[in-house]
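A.B. asks: Before we start, here is the structure in question, set down as C-alpha cells.
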Amino acid sequence: MAERQLFASFFRTLLDKNAVITVELKNDVKIKGKITYVDGNMNFNLVDIQDQETVQLANFKNCFIRGSSVRYVHLEKEDIDVELIQEACLKEFKEKQQ
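With full-length UniProt numbering, the residue at position 84 of the sequence shown is 84, and numbering never jumps.
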C-alpha cells in the first residue's frame, strides 16, 4: 500500500508539468494523454487523448482510468525526476527500518 502512495505522489508531481503519459491497460489498449488527476489507488484522469488506435476510443477527448485495470504507465524521459524518486525511496526504506 505504501508503494502505491509513493508512486501516486510521484505522478502528482507531473500534474503541474502538463505531462503526457501513456497508460497501458490489462487488455492491451494504450491510452496517451495529459494527466490531470491521480489518487492513491492509481486511478488516472487523462485529457487531450492522442493516438487513438482503437475504435472504442476514437471519439473520446478525456477519460478516467481505474487503477485496477492499469498494467503499465509509460513516461517521457524528460518528465522523470530521478533524484526525487531516489530520495522518496530512501525515505520510505528508512521508515521501514525503524
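For every residue, glycine included, the Cβ atom is placed at its ideal position computed from N, Cα and C.
This structure is a prediction, so every number in the text was calculated from the model and none was measured.
What residue range is occupied by the uninterrupted alpha helix (DSSP H) comprising Ile80?
C.D. replies: Element bounds for Ile80: n/a, residue is neither H nor E.
A.B. asks: At which residues does the beta strand (DSSP E) containing Lys30 begin and terminate?
C.D. replies: Start and end: Lys30 to Val38.
A.B. asks: For Val38, count neighbouring C-beta atoms within 10 Å of its own C-beta (all shown protein chains included) and say buried if the count is 16 or more, exposed if not.
C.D. replies: By the neighbour-count rule (16 or more Cβ atoms within 10 Å), Val38 is buried.
A.B. asks: Thinking just about the alpha-carbon of each residue, which of Phe10, Asn59, Phe93 and Leu25 is nearest to the one in Gly40?
C.D. replies: For Gly40, the nearest C-alpha among the options comes from Phe10.
A.B. asks: Any contact between the region 18-33 and the region 63-82? By contact I mean 3 or more CB pairs, one from each, below 8 angstroms.
C.D. replies: At 8 angstroms Cβ cutoff, the stretches touch.
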